[in-house]
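S.K.: Supplied in structure tokens, the structure appears directly below.
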């Protein structure tokens, strides 16, 4: 019994003999791959036809990769948008003018990023947003005079100290005279710095009492949350 695609067989064989791929013939004639595979089994392709098939396969592969990248980028944008919306929901429930919330946020940031040694209250980072928050918070909540805030840059050997001083001074709204001499990492000589990296800025506030308060506040908060959660789990069990 002849298949319903039998009348298209001559056209399919002709396309195949011209070096058309099985996928392309399927797309053109709407014939299943299983049927085409049986028809094409006895066809011997020339080296030129094989080369054309290989070129077409590479083109399809490149196209598929581009489509896959486009799809993954779109999915990533969707996930980022969802994450941003979830963050906005949480923030909408907070009173941003509440000093306790601001102080706790600062303390948790300091627990993760701040220095715990005896040199005072010190924060270092390469992200201007983190340092802006830190400076703004200690000035507003602890009445720290900006003149008492000193800055130092840790740079790679191929970076321009003067230009980066100006960059961080403008970003953080800290006067240039508050910046100490930069520290240059000469181990990076010969290795170019990647774009948009502006070094690490270190903020010094010689107030050891503030450091102690922030560390105790953040650690005790963590301990209380852990204890509360453990009790809740025990009660549920």
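Numbering (my numbering), first residue to last: 81 to 317.
Where is the CB? At the ideal position from N, CA and C, for every residue including glycine.
Everything numeric in this text was worked out from a predicted model, so none of it was measured.
If I follow the unbroken beta strand (DSSP E) through residue 205, where does it start and stop?
M.R.: Sequence index remark: in the chain shown, residue 205 carries index 125 (1-based). That run of the beta strand (DSSP E) goes 201–205.
S.K.: Skipping 5 residues on each side, what residues in its chain have a beta carbon closer than 6 Å to that of residue 136?
M.R.: In the chain shown, residue 136 corresponds to position 56, counting from 1. Excluding positions up to five away in sequence, the list reads 101.
S.K.: Since residue 190 is in the alpha helix (DSSP H), which residue starts that stretch and which ends it?
M.R.: To locate residue 190, count along the chain shown from 1; it is residue 110. Here the alpha helix (DSSP H) through residue 190 covers 179–193.
S.K.: On the DSSP bridge assignment, give the partners of residue 233 in chain order.
M.R.: Along the chain shown, one-based indexing puts residue 233 at 153. Residue 233 pairs with 281.
S.K.: Rounded to whole angstroms, what's the CA-CA distance from residue 188 to residue 301? Just pull it up for me.
M.R.: Along the chain shown, read from residue 1 onward, the residue named residue 188 stands at position 108. Along the chain shown, read from residue 1 onward, the residue named residue 301 stands at position 221. Each residue's alpha carbon lies about 9 Å from the other.
S.K.: Determine the burial state of residue 320: buried for a count of at least 16 other Cβ atoms within 10 Å of its Cβ, exposed for fewer.
M.R.: The displayed coordinates of the chain run from 81 to 317. Any statement about residue 320 would go beyond what the structure contains.
S.K.: Figure out for me which residue from 192, 211, 277 and 267 has the closest Cα to the Cα of residue 283.
M.R.: Translated into the one-based positions of the chain shown, residue 283 becomes position 203. Selected option, being the one with the closest Cα: 211.
S.K.: So what does residue 264 bridge to, in DSSP terms?
M.R.: If you number the chain shown from 1, residue 264 lands on position 184. Paired residue(s): 235.
S.K.: Name the two residues that bound the continuous alpha helix (DSSP H) containing residue 120.
M.R.: Here residue 120 refers to the residue found at position 40 of the chain shown. That run of the alpha helix (DSSP H) goes 113–120.
S.K.: Look up residue 259 in the DSSP assignment and give the residues it is bridged to.
M.R.: The sequence position of residue 259 within the chain shown is 179, counting from 1. Residue 259 is bridged to 231.
S.K.: Please return the same chain residues whose Cβ sits closer than 8 Å to the Cβ of residue 202, not counting the five positions on each side in sequence.
M.R.: Locating residue 202 in the chain shown gives position 122, counting from the first residue. 194, 195, 282, 283, 284, 285 and 291.
S.K.: Can you name, in chain order, every residue of its own chain whose Cβ lies under 6 Å from the Cβ of residue 249, other than the five neighbours on each side?
M.R.: Start at 1 with the first residue of the chain shown, and residue 249 comes out as number 169. Excluding residues within five positions, the ones whose Cβ falls inside 6 Å are 256.
S.K.: Using DSSP with H/G/I as helix, E/B as strand and the rest coil, what is residue 152?
M.R.: For the purposes of this step, residue 152 is taken as residue 72 along the chain shown, with counting starting at 1. Three-state result, residue 152: helix.
S.K.: Say whether chain B places a C-beta atom closer than 8 Å to the C-beta of residue 89.
M.R.: Among the chains of the structure shown, chain B does not appear; only one protein chain is present.
S.K.: What span of residues does the alpha helix (DSSP H) with residue 248 cover, start to end?
M.R.: If you number the chain shown from 1, residue 248 lands on position 168. Element bounds for residue 248: 241–252.
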